[in-house]
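Student:
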């Protein structure tokens, strides 16, 4: 099997971390997710008050993001094969780059560095294992 050296346990580990964020898929809970994120941002010296989701489109995109995160996490939890770990690893690299751009260029909150770190760690962890030479 392709990428068999990437263990199912590793794929499941990173999927479980993503699953913890899936509660933002539920519209009444999405504002609490943002409030918690901005609370952490306040601990890091940034703004502690979360922006409101005043427009229905704001809530829609937060909830859709949560649904996609939850669906992708569930797929990897139920079928933790190496190929899904590789896809996730490359996607995490992209997400880390977008988050860094939002922080550095668009003035995003510093708490996003925590997400950059976890995305980069998940990417390195999975891709390094996937592309390692199989033991002879």
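In the numbering used here, the protein residues as written are 9 to 144.
Ideal placement from N, C-alpha and C gives every residue a C-beta, glycine not left out.
Since this is a predicted model, take the numbers as computed values, not measurements.
Within a Cβ cutoff of 6 angstroms, which residues of the same chain sit near residue 35, ignoring the five residues on either side of it in sequence?
Tutor: Working through the chain shown from its first residue, we reach residue 35 at position 27. Cβ within range, chain order: 67 and 71.
Student: Does the pairing of the region 73 to 91 with the region 23 to 34 give three or more beta-carbon distances under 8 angstroms?
Tutor: yes
Student: Thinking just about the alpha-carbon of each residue, which of 21, 15 and 42 is nearest to the one in residue 127?
Tutor: Numbered from its first residue, the chain shown carries residue 127 at position 119. Of 21, 15 and 42, the smallest CA-CA separation from residue 127 is found for 21.
Student: Which runs of the alpha helix (DSSP H) spanning at least 4 residues fall entirely within the region 30 to 76, listed in chain order?
Tutor: The DSSP assignment places 38 to 51 as complete runs of the alpha helix (DSSP H) inside the region 30 to 76, in order along the chain (cut-off: 4 residues).
Student: Can the beta-carbon of residue 122 be found less than 9 angstroms from the beta-carbon of residue 27?
Tutor: The residue labelled residue 122 in the question sits at position 114 within the chain shown. The residue labelled residue 27 in the question sits at position 19 within the chain shown. Contact: no.
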